[in-house]
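Residue numbers (the numbering used here), protein chains in the order written: chain A, 44 to 493; chain B, 4 to 228. Glycine is no exception: its CB is placed at the ideal position from the N, C-alpha and C atoms. The structure displayed is predicted, hence computed values, not measured ones. First up is the structure itself, then whatever we jot down about it.
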Amino acid sequence: MEERRSAVQSQKELGDQRSEVAGVADAAVPRPKERRAPRISETPPPPAPPPLLQDYAPIIGKSQLDELYFLSTSVRGKNIKMVNSTAVGGGVAEMLNRLVPLLDELEVHTRWEVITGGNDFFEVTKSFHNALHGAEYTLTQAAKDVFLQHNELNRQRMTFDEDVVVIHDPQPAGLIASKKDHNARWTWRCHIDLSNPNPDVWDFLKPFVEQYDATIFSSPSFARRLPVPQYLFYPCIDPLSEKNKELEQAYIQGVCDNFGIDCSRPVVTQISRFDRLKDPLGVVQAYKMAKRYVDFQLVLAGGGAADDPEGNAVLQEVKEVVGDDPDVIILNLPPWSALEINAIQRASTLVVQKSLREGFGLTVTEALWKGKPTIASAVGGIPTQIIDRLTGVLVHSVEGCAYQIRYLLTHPEFAQQLGRNGREHVKENFLMTTNVRRWLLLFRILLGVN
Amino acid sequence: MSTSSDIVTRTAKSPFEFKSAANLLRIEREQSRTLGELLRDLHTCPDSSIFQHTFRTLQEHHFIKEGFSNDFAHWAYTEVGAVGLGERLVSLDVREFTNIADLRARLENIVSDFLSQNPRSRDQEAVNPFYFCSADTVVLPTEIAAHSVQEFIDGLRKVSVHSIHYHFIEARLRRELETNDFSIWLRRDLGMGGVATRLNQIDIYTSTAEGVRKQILRILEGPLN
Chain A
44 MEERRSAVQS
54 QKELGDQRSE
64 VAGVADAAVP
74 RPKERRAPRI
84 SETPPPPAPP
94 PLLQDYAPII
104 GKSQLDELYF
114 LSTSVRGKNI
124 KMVNSTAVGG
134 GVAEMLNRLV
144 PLLDELEVHT
154 RWEVITGGND
164 FFEVTKSFHN
174 ALHGAEYTLT
184 QAAKDVFLQH
194 NELNRQRMTF
204 DEDVVVIHDP
214 QPAGLIASKK
224 DHNARWTWRC
234 HIDLSNPNPD
244 VWDFLKPFVE
254 QYDATIFSSP
264 SFARRLPVPQ
274 YLFYPCIDPL
284 SEKNKELEQA
294 YIQGVCDNFG
304 IDCSRPVVTQ
314 ISRFDRLKDP
324 LGVVQAYKMA
334 KRYVDFQLVL
344 AGGGAADDPE
354 GNAVLQEVKE
364 VVGDDPDVII
374 LNLPPWSALE
384 INAIQRASTL
394 VVQKSLREGF
404 GLTVTEALWK
414 GKPTIASAVG
424 GIPTQIIDRL
434 TGVLVHSVEG
444 CAYQIRYLLT
454 HPEFAQQLGR
464 NGREHVKENF
474 LMTTNVRRWL
484 LLFRILLGVN
Chain B
4 MSTSSDIVTR
14 TAKSPFEFKS
24 AANLLRIERE
34 QSRTLGELLR
44 DLHTCPDSSI
54 FQHTFRTLQE
64 HHFIKEGFSN
74 DFAHWAYTEV
84 GAVGLGERLV
94 SLDVREFTNI
104 ADLRARLENI
114 VSDFLSQNPR
124 SRDQEAVNPF
134 YFCSADTVVL
144 PTEIAAHSVQ
154 EFIDGLRKVS
164 VHSIHYHFIE
174 ARLRRELETN
184 DFSIWLRRDL
194 GMGGVATRLN
204 QIDIYTSTAE
214 GVRKQILRIL
224 EGPLN
């Protein structure tokens, strides 16, 4: 805790820092030629306690909270098991960390178990994961054997006496072999895009998936044709998480001061890993095109460069292209920078997500939730979130991105309307509480109490 | 002629019980990649899909008042670039329909007419397919009931927008009448026929659900002031 405090100042301290500089922030101060190195935390903070349902009332309203309590009545006391392949890291674990306590609070007893496996198993499942996203892969009998062997070991170790078993993603899909021995209803929750899978891997997994009572996908375009019901659960964000909760203006200002972001001028931000598929170089190109017409700063903030040679190479390329432009701020942040990312998003005038490929695109959801006018590529799950020119703007090129930056920066009323609509869209469809509602509905349907 | 004090003190013959609805989306088998396929799938898809992409989508997008009408129109505009078809679909008002069969027939007619006039558009590939969905719905009670117009106003302020959608928009299909639950109750149980008619004239396509709530409240509070 002490380390965290020394590395990243508390909200109050950063607020105090802001008040110290407030007098000069308003004056026309020339920008520093060299930005001082920001203080970036080197250690993760302790996890925050999960919120209670009541904590969401100010966000979604009492009437919608009451609806959750009502929906839970007919499945109260039922036992649910969620199974995935990792307890920490990744979006699924992050989501289960919030979902499980909320279901428990509604007296829908939910147990979360994680499968075990050796390096060989996780190497195979990582290859499967990439292959299901369309990557080239030669499926061998040895890989199949490793997958089956570890699923069988886990199956023998685990019990399945619950009313509903939910298996997340392909890694534990083989546990379905236990279905015949129990009365549980089984659901496969697929978090990945199966629109263009490697046919050999999908043909291997499909017979497992077809044995489930229901499947869940994150977008209709991610689904496959299957002989079992397919439900649509959009990925969601938690409005009370560090990445999304409301922040004091003083804290936001403090973070910006620390990172050298001038809040008195427009800020356009892309938050994402330094990954070619997120097209940070395209964002810099769009910045250069738009900058000829409007004054603004570009913030590229993300991580993934420290432990990923490819990410580091992309980061270096971006730095080279940017050169010594003081209005482009590149931040390579550690994974525990949720509060800082939250603050940067809130300080932004516009948010950009110019990905070449994307999953659902939760960084877009986060930006929309903060009411930020958002420009994003029409790829993956982004068009589900951005209804063009109603909840944000969709683009298909660097030029389109540059033009929309110019347009929105010079039409603030239209931009604000997009931001307002975007936030409402998230509130209606992509919040954790909406997902609790979906799970309760699904349990009712699976257990025949609908 | 009723006075405002008459209306305030009037007790309903039976209370208005506010309800709401929760929906779980299901992905259906139909996927249209061209307008020709859309016409085919409009004919064969389940009733619940027609309902989802017209009535229900209004609830999902209740916060938009700048031109969102139904999913078919949006797809024709944005994914196919068929502006003429999009225009015709966007003008479709679900309140004209009290059953899905008529709504389906109208949709098919609009697409079919467009394709007759623009035969080359039939096989034009969309950027992204139209994915048919449907919803499993659970009707939810609330603890809010009204015995008078004042209690109705108080209740209307408290309920979720889902409840307003359930009573004000979806009621037409449930009742198979060109009206809504609020108007029926106000007319039948409180004798407020004029108010009931005015509520039924609110344009749901140029207002958000919260805007509809405000308009209803304004109409109801008029006779009380």
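With 16 other Cβ atoms within 10 Å as the buried cut-off, status of residue i
i, result
"A:G366", "exposed"
"A:K470", "buried"
"A:D246", "exposed"
"A:K105", "exposed"
"A:K223", "exposed"
"A:L382", "buried"
"A:A130", "exposed"
"B:V130", "exposed"
"A:P455", "exposed"
"A:F403", "buried"
"A:Q184", "exposed"
"A:Y336", "exposed"
Endpoints, alpha helix (DSSP H) assigned at residue i
i, result
"A:W482", "M475 to L489"
"B:L230", "Residue numbering for chain B in the displayed model covers 4 to 228; residue 230 of chain B lies beyond these limits and cannot be assessed."
"A:Q460", "P455 to N472"
"A:L218", "That residue, A:L218, is in no alpha helix (DSSP H); it is neither H nor E in DSSP."
"A:Q107", "K105 to T116"
"B:R91", "V86 to V93"
"B:F155", "V152 to K161"
"B:S166", "V164 to F171"
"B:E224", "A212 to E224"
DSSP-derived helix/strand/coil call for residue i
i, result
"B:P49", "coil"
"B:Y134", "strand"
"A:R432", "coil"
"B:R178", "helix"
"B:D105", "helix"
"A:G134", "helix"
"A:V357", "helix"
"A:K124", "strand"
"B:T140", "strand"
"B:F66", "coil"
"A:F276", "coil"
"A:V365", "helix"
"B:E128", "coil"
"A:V64", "Low confidence applies here, because A:V64 scores a pLDDT of 32, under 50, leaving its location unreliable and the question unanswered by this model."
"B:R191", "helix"
"A:F339", "coil"
"A:V492", "coil"
"A:A227", "coil"
"A:F260", "strand"
"A:E253", "coil"
"A:A329", "helix"
"A:V371", "strand"
"B:R98", "helix"
"B:T12", "helix"
"A:G346", "coil"
"A:A100", "helix"
"B:A149", "strand"
"A:R232", "strand"
"B:Q55", "helix"
"A:T129", "coil"
Contact belief for residue i with residue j at Cβ below 8 Å, rounded distance in angstroms
i, j, result
"B:G158", "B:I147", "4 Å"
"A:G303", "A:I372", "6 Å"
"A:R463", "A:G414", "6 Å"
"B:V142", "B:K22", "6 Å"
"A:M125", "A:L139", "6 Å"
"A:L278", "A:L405", "According to the sequence shown, residue 278 of chain A is Pro rather than Leu. Yes, A:P278 and A:L405 are in contact; Cβ-Cβ is about 6 Å, under 8 Å."
"B:N102", "B:E179", "6 Å"
"A:V207", "A:R228", "5 Å"
"A:V151", "A:V118", "5 Å"
"A:L191", "A:E148", "With 8 Å as the limit, A:L191 and A:E148 do not qualify as a contact, their Cβ atoms being about 37 Å apart."
Start and end residues, beta strand (DSSP E) containing residue i
i, result
"B:S35", "F19 to S35"
"B:F71", "Per DSSP, B:F71 belongs to no beta strand (DSSP E) and is neither H nor E."
Whole beta strand (DSSP E) runs in the region 142–211 of chain A with 3 or more residues, listed along the chain?
152–157 and 207–211
If you scan the region 279–327 of chain A from start to end, which runs of the alpha helix (DSSP H) of 4 or more residues do you find wholly inside it?
292–302
Can you check the region 374–452 of chain A for any alpha helix (DSSP H) of at least 4 residues that lies completely inside it and give the ranges in chain order?
381–390, 405–412 and 425–428
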